[in-house]
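4 protein chains.
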Amino acid sequence: MRMIKFETDYQEGASPEILARLASTNLEQTSGYGNDPHCSRAKDLIRREIGRPDAAIYFMAGGTQTNTTVIKHLLTPCEGVIAVSTGHINVHESGAIESTGHKVLTLPSHDGLLCAEELRSYMEAFNADPTNEHMVQPGMVYVSYSSEYGTVYTKSHLAEIKRACEDYGLKLFVDGARLGAGLVSSGADMAMNDIAGLCDVFYIGGTKNGALLGEAVVFPNPESVNLKQFTTIIKQQGGLLAKGRLLGIQFEVLFEDGLFYRNAEHANIQAMKIKRAFIERNIPFLIDSPTNQQFPILTRQQHETLSEKFSYETWQPLDDGRLAVRFCTSWATTDDNINELIQEIQQL
Amino acid sequence: MRMIKFETDYQEGASPEILARLASTNLEQTSGYGNDPHCSRAKDLIRREIGRPDAAIYFMAGGTQTNTTVIKHLLTPCEGVIAVSTGHINVHESGAIESTGHKVLTLPSHDGLLCAEELRSYMEAFNADPTNEHMVQPGMVYVSYSSEYGTVYTKSHLAEIKRACEDYGLKLFVDGARLGAGLVSSGADMAMNDIAGLCDVFYIGGTKNGALLGEAVVFPNPESVNLKQFTTIIKQQGGLLAKGRLLGIQFEVLFEDGLFYRNAEHANIQAMKIKRAFIERNIPFLIDSPTNQQFPILTRQQHETLSEKFSYETWQPLDDGRLAVRFCTSWATTDDNINELIQEIQQL
Amino acid sequence: MRMIKFETDYQEGASPEILARLASTNLEQTSGYGNDPHCSRAKDLIRREIGRPDAAIYFMAGGTQTNTTVIKHLLTPCEGVIAVSTGHINVHESGAIESTGHKVLTLPSHDGLLCAEELRSYMEAFNADPTNEHMVQPGMVYVSYSSEYGTVYTKSHLAEIKRACEDYGLKLFVDGARLGAGLVSSGADMAMNDIAGLCDVFYIGGTKNGALLGEAVVFPNPESVNLKQFTTIIKQQGGLLAKGRLLGIQFEVLFEDGLFYRNAEHANIQAMKIKRAFIERNIPFLIDSPTNQQFPILTRQQHETLSEKFSYETWQPLDDGRLAVRFCTSWATTDDNINELIQEIQQL
Amino acid sequence: MRMIKFETDYQEGASPEILARLASTNLEQTSGYGNDPHCSRAKDLIRREIGRPDAAIYFMAGGTQTNTTVIKHLLTPCEGVIAVSTGHINVHESGAIESTGHKVLTLPSHDGLLCAEELRSYMEAFNADPTNEHMVQPGMVYVSYSSEYGTVYTKSHLAEIKRACEDYGLKLFVDGARLGAGLVSSGADMAMNDIAGLCDVFYIGGTKNGALLGEAVVFPNPESVNLKQFTTIIKQQGGLLAKGRLLGIQFEVLFEDGLFYRNAEHANIQAMKIKRAFIERNIPFLIDSPTNQQFPILTRQQHETLSEKFSYETWQPLDDGRLAVRFCTSWATTDDNINELIQEIQQL
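Residue numbers (our numbering), protein chains in the order written: chain S, 263 to 610; chain B, 263 to 610; chain A, 263 to 610; chain H, 263 to 610.
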């Protein structure tokens with residue numbers, strides 16, 4: 263029997279507009295490694311989007327690679343990166359950050375978010391510690407927007423973190439693997455240019471928002487960071503695609519006329535339908551997420567029933583035997599699949 | 263004015279059959295990270311191709327990543343990899359191998375190829391050196407097929423290298439970024455299953471032979487290598503594509519009915535036309551290459567004339583002022599472009 | 263005014279017996295890098311001490327170097343090392359472990375000790391996690407004896423940890439920077455040969471127990487670990503002393519006739535005097551330590567008074583304004599200094 | 263039968279003056295990690311020696327550690343260090359440099375020395391290479407004084423190299439493991455302050471010149487290098503001795519009244535006696551070295567005779583069957599041993 267998959271947001275191919283453009287440009291001859299007109303135009307479209315004509319932009323193939331490369335480039339060898347304990351770099355990247363020599367320094371996760379006050383306390387304690395010359399030097403803060411728990415920072419929350427970073431000499435990096443879903447969510451009070459204004463570097467996730475693959479790293483103020491060797495570091499980390507146009511073409515299509523936002527909106531709308539269905543059935547949530555990841559808490563019985571027909575991620579077993587799970591929607595989630603799921607939820 | 267590009271073999275998109283398949287499978291739901299039916303089928307097709315039903319196969323996004331991941335996985339922290347000085351890992355990967363802690367130990371390049379006798383002498387000298395506990399331990403030999411200079415190993419040459427590797431406890435890794443061009447060339451007396459039989463690991467290059475991106479790493483005898491953590495290492499190196507099917511689908515198309523070989527043959531045929539044109543014009547070559555990379559030696563005058571209309575790579579300035587350059591063809595090189603080039607060569 | 267120092271156990275030189283032996287052997291000619299008769303004899307003495315004639319033993323210059331080298335050698339590139347959050351490798355080694363690519367995976371610290379049950383739960387959760395291929399693979403457990411809080415494992419506690427390690431395929435590494443102080447403490451129910459029987463590797467700290475510098479790494483069952491390249495790794499990590507005899511001579515002296523234990527006993531006896539003085543003055547402790555590190559909790563007033571004449575480490579500010587501090591004694595702590603301190607404590 | 267050892271310059275203990283000082287200061291209480299009065303005074307003595315009151319100075323335990331730490335600190339992750347192929351970092355450090363992620367880029371060795379013109383040509387070729395963004399970026403030049411072949415740079419030679427470094431944006435690092443032997447040799451036309459004026463960083467070797475262990479890293483112009491985190495990096499690399507005074511005390515003694523130079527002079531004088539004996543016997547040399555390493559070329563017969571009573575290093579087998587060997591003297595080489603050797607040479 264066919265399983266309907268809600269495991270994640272990368273289980274289909276790419277937006278048809280992207281495939282069409284790949285086909286129509288297929289025989290153009292271009293230089294490799296991102297030195298092509300499509301990458302140039304895609305960068306211009308993103309610069310326009312964030313209102314920063316001087317932003318430096320680089321395309322990379324995937325999120326782990328992007329996180330690793332950016333962190334490796336911006337830290338000195340004895341600096342570490344601060345993240346919440348649930349941060350992707352701390353949990354699900356197989357030690358990629360450590361493989362480049364950098365420790366991930368963890369703070370508590372509040373539904374996936376970092377608390378600016380806790381960051382300040384951490385830095386105060388570090389600076390007051392007489393043995394801190396023997397410790398990893400905090401050099402950067404990493405946050406995710408939207409977070410690994412589907413939550414989003416408000417503008418004032420991110421601004422508070424940014425101020426703390428400035429006060430303690432830390433760079434701020436926003437992982438935007440699911441930036442689209444965050445920005446178009448009901449929880450968002452920011453646009454992409456606000457993000458750009460509140461960090462040293464962020465990336466725009468393509469893979470989880472309708473591209474075949476690809477993330478766009480954005481340095482909004484390139485003069486404040488030494489980027490002379492950034493392309494060489496991308497190459498060293500294995501992230502410089504020979505046919506770099508593959509990334510440029512996709513971001514061109516995503517940012518020409520708002521496809522990036524339409525894809526994210528579709529995913530969120532479908533997620534909200536699921537959310538409502540669980541709420542109406544009085545099934546609680548681990549977290550109140552406004553984005554395309556939803557975390558209902560199922561009894562074992564409910565889980566057994568649902569998992570006959572639907573696949574989704576087991577997130578976290580609770581002490582009382584229940585199971586927090588994750589349903590994830592995407593730009594491609596169909597109404598049919600949503601309706602089948604809702605019907606099943608109603609009968610739980 | 264339009265420049266006709268012969269710089270490299272990754273300046274167009276992908277074989278139309280690949281784009282078509284991406285479109286026809288686009289809305290299928292599959293699990294991520296290569297756990298999908300397309301990757302499974304592609305692996306089976308490759309296993310059939312090399313006659314090794316037990317081979318372990320992994321897909322990765324690009325060549326540098328593949329080289330780095332394989333080498334990092336197979337060496338201990340104090341082992342190095344032996345390569346000819348012109349080897350890709352020694353020259354053009356921005357220190358990716360060293361970034362994982364491993365030294366590249368170089369031997370002389372003979373038109374891009376490694377000499378088995380020199381390998382033996384090197385190992386004899388190393389083993390005889392009373393201070394070798396203070397030296398990088400040779401753990402692996404890296405060769406390219408076809409090489410960075412377009413040349414190919416004969417079967418007996420590769421077998422000699424393999425025997426030396428066995429005699430000295432070295433693993434043998436064949437970089438097949440341009441495996442297709444090598445195997446279908448007039449210089450080849452091997453098929454892919456011969457390569458598989460003569461090394462511990464090799465990879466089949468997709469990027470330079472008609473795929474959008476992608477390389478297939480093949481361990482012909484997986485029981486002889488500990489692969490339990492290989493997927494985790496791929497993830498750590500940033501090479502585990504979320505939409506792994508993108509790689510599986512492409513290798514399915516390449517190996518279903520021989521497209522992999524047809525693409526390579528087309529590239530070689532177009533290269534031979536260029537080669538003949540230069541020969542007829544009495545223009546000498548740096549190297550006698552039977553594959554899709556050709557290295558004529560141009561006078562400055564000839565170079566100025568040709569480079570008005572055609573772009574190609576400057577390879578190496580010679581002491582007498584002339585310039586060795588590289589013309590590279592691909593699965594997509596058109597007859598029109600070849601004919602324009604030939605005409606121009608004839609008039610040099 | 264002269265400050266009396268109780269900051270740590272490495273603020274004096276070396277046991278006079280060691281200096282005397284360095285002088286009497288000074289003009290002997292020996293080979294470098296530990297290939298000398300003194301290192302050989304020192305190894306034999308340690309093998310005798312632990313009753314394991316086949317143990318493999320290596321001398322290194324310091325603790326951080328030893329931890330890093332052992333961990334780097336025994337883990338694969340995607341494995342991490344489990345330690346309590348207060349473990350030295352997690353806090354005070356400037357990211358040395360991460361600098362070799364390995365993540366430190368933390369469990370709660372119970373007065374510096376690791377709980378075997380929590381280790382089991384951690385491994386159960388890891389093994390049950392369907393995404394664990396994307397996570398750092400636990401490969402080793404690191405514990406300190408005595409711990410960074412002066413506490414010691416009982417034999418049954420360490421045996422429990424060892425059983426858990428065996429059940430989950432983890433190596434067990436005992437950091438013995440302060441092994442002597444632990445073994446001769448009132449909290450100990452083990453001898454060094456018990457430690458040897460309950461781990462895969464441990465080291466015997468010389469620096470903090472009367473040597474100028476030096477730690478002895480012991481692999482009790484060398485056949486179970488590949489040590490062929492261990493000397494090369496020591497060299498790579500910068501830990502192979504040219505005049506390796508400097509380490510061998512010191513461990514000879516320490517293990518010829520029990521100086522190692524006498525030094526530690528002296529330190530503990532002096533520490534107990536301090537402990538009693540604080541107890542009699544009704545000053546509480548952060549932790550009940552039976553070894554040469556004592557952690558009284560001082561009011562700000564008490565701290566101001568004591569710190570006029572004595573230096574010691576500020577350990578941890580408490581929420582109520584008080585300060586946990588550390589007094590540390592050594593093989594060289596004099597009765598005079600102890601008496602001056604006790605007098606001052608009595609008048610607090 | 264007793265073998266007389268001429269293998270290397272670290273086969274005895276330390277200058278008696280050093281041992282005496284260790285004894286007389288043994289019970290002083292000092293802070294750890296180099297924060298003690300002896301390290302301070304030793305730094306002042308070195309600053310006076312080179313006439314640079316602002317120089318930043320750090321003590322480390324050994325040469326490989328020093329090389330690795332300095333190079334790691336001064337290079338960005340995609341930069342490499344240029345050295346001659348015979349350079350210690352390229353051959354005899356077990357890949358320590360690569361273990362921190364940096365490639366050693368090699369130029370030809372001219373009796374152990376680097377040619378400034380070849381350095382310029384290398385950099386010109388690098389800068390002209392259109393693909394250099396995919397290559398390791400040269401960031402530093404490493405030279406040894408005296409070299410691994412006993413030779414020394416003249417002042418004008420080193421100045422030429424320094425100018426090339428400045429012209430191409432490279433830092434210059436002088437490995438002074440055998441600095442003393444170089445400076446007091448007949449080949450030297452420089453003093454230590456000249457070295458300080460011609461490089462960005464150098465180190466003064468103690469281990470091979472009469473110390474038990476220890477090297478002093480000197481940054482003559484500390485304002486030109488970011489040293490804020492240098493102590494943390496030393497700790498991360500495992501090079502921060504707990505009893506740092508052990509290094510400070512030794513350098514105090516070496517630089518108080520010229521012992522550093524007297525030790526080196528003694529070694530050179532003894533080496534010259536050996537050299538003369540071989541010359542008088544008409545035995546040729548691989549290299550004309552003015553320092554404490556001498557490289558005569560022996561027939562197999564001569565080698566068999568000499569090696570019955572003397573041990574020395576086999577350096578390099580020649581194609582004609584003869585053997586280049588190394589005789590090395592030290593601060594401790596006795597007249598008796600020299601005379602026995604000379605007698606034997608005369609009878610070859």
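Glycine included, each C-beta is placed from N, C-alpha and C at the ideal position.
Given the structure is predicted, the values throughout are model-derived calculations rather than measurements.
What's the C-alpha gap between residue i and residue j?
i	j	result
R294 (chain S)	G325 (chain B)	In the sequence as displayed, the identity of residue 294 (chain S) is Gly instead of Arg. Near 14 angstroms, if we compare the C-alpha coordinates of G325 (chain B) and G294 (chain S).
F589 (chain S)	K535 (chain S)	11 angstroms
K470 (chain B)	E518 (chain B)	18 angstroms
I333 (chain A)	M402 (chain B)	23 angstroms
E395 (chain S)	S447 (chain H)	40 angstroms
A390 (chain B)	T576 (chain H)	10 angstroms
W593 (chain S)	E290 (chain B)	13 angstroms
Q209 (chain A)	K365 (chain H)	Since the first residue of chain A shown is 263 and the last is 610, residue 209 (chain A) is not available in this structure.
L376 (chain H)	D462 (chain H)	17 angstroms
R310 (chain H)	P484 (chain H)	16 angstroms
With a threshold of 6 angstroms on Cβ separation, who are the neighbours of residue i within its own chain once the five nearest residues in sequence on each side are excluded?
i	result
E422 (chain A)	A378
M265 (chain H)	S573
H300 (chain A)	R507, G510, I511 and E514
A358 (chain S)	T326 and T330
K267 (chain B)	Q273 and S573
Using the beta-carbon of each residue, which ones in chain S are nearer than 7 angstroms to residue i?
i	result
Q327 (chain B)	G500
Between residue i and residue j, how many whole angstroms is the CB-CB distance? I'm expecting something under 8 angstroms.
i	j	result
I559 (chain H)	P546 (chain H)	5 angstroms
L474 (chain H)	A276 (chain H)	4 angstroms
R543 (chain A)	Q608 (chain A)	6 angstroms
G467 (chain B)	L434 (chain B)	Rounded, the Cβ-Cβ distance is 17 angstroms, inconsistent with contact.
Let me check one thing: in DSSP terms, what residues is residue i bridge-paired to?
i	result
G467 (chain B)	B:E477
G342 (chain A)	A:P400
S573 (chain S)	S:K267
H372 (chain H)	H:L375
C590 (chain S)	S:Q555
Q578 (chain B)	B:A586
Give the interface partners of residue i over in chain A, defined as CB-CB distance under 7 angstroms, in chain order.
i	result
K365 (chain H)	What K365 (chain H) touches in chain A: nothing, since even the nearest Cβ is about 15 angstroms away.
Going along chain B, which residues have a C-beta under 8 angstroms from residue i?
i	result
N288 (chain S)	E274, G275, A276, P278 and L281
Who are the neighbours of residue i on chain B, taking C-beta pairs under 7 angstroms?
i	result
C340 (chain A)	Q491, T494, I495 and Q498
Identify, in the order they occur along the chain, each residue of the same chain with its Cβ nearer than 8 angstroms to the Cβ of residue i, setting aside the five sequence neighbours on each side.
i	result
S361 (chain A)	T330
Could you work out which residues of chain S lie near residue i, taking near to mean beta carbons separated by less than 9 angstroms?
i	result
L475 (chain B)	A323, L475, L503, A504, K505 and L508
P558 (chain A)	Going along chain S, no residue has its Cβ under 9 angstroms from P558 (chain A), so there is no contact; the nearest lies around 18 angstroms.
Below 9 angstroms on C-beta distance, what does residue i contact in chain A?
i	result
T270 (chain H)	S293, G294 and A504
What does residue i touch in chain H if you count any residue whose Cβ is under 7 angstroms from its own?
i	result
S356 (chain B)	C340, H396, M397 and V398
In its own chain, which residues sit with a C-beta less than 7 angstroms from the C-beta of residue i, not counting the 5 before and 5 after it?
i	result
Y320 (chain H)	V479, F492 and I496
Name the chain H residues that come within less than 9 angstroms of residue i, Cβ to Cβ?
i	result
K433 (chain S)	Ordered by position in chain H, no residue passes the 9 angstroms Cβ test against K433 (chain S), which lies about 15 angstroms from the chain.
T469 (chain B)	Ordered by position in chain H, no residue passes the 9 angstroms Cβ test against T469 (chain B), which lies about 15 angstroms from the chain.
List the residues of chain S whose Cβ lies closer than 8 angstroms to the Cβ of residue i, in chain order.
i	result
K334 (chain H)	P339
Below 7 angstroms between beta carbons is the criterion; list the residues of the stretch 406-424 of chain B that meet it against any residue of chain D, in chain order.
In the displayed structure, chain D is absent; the protein chains listed are S, B, A and H.
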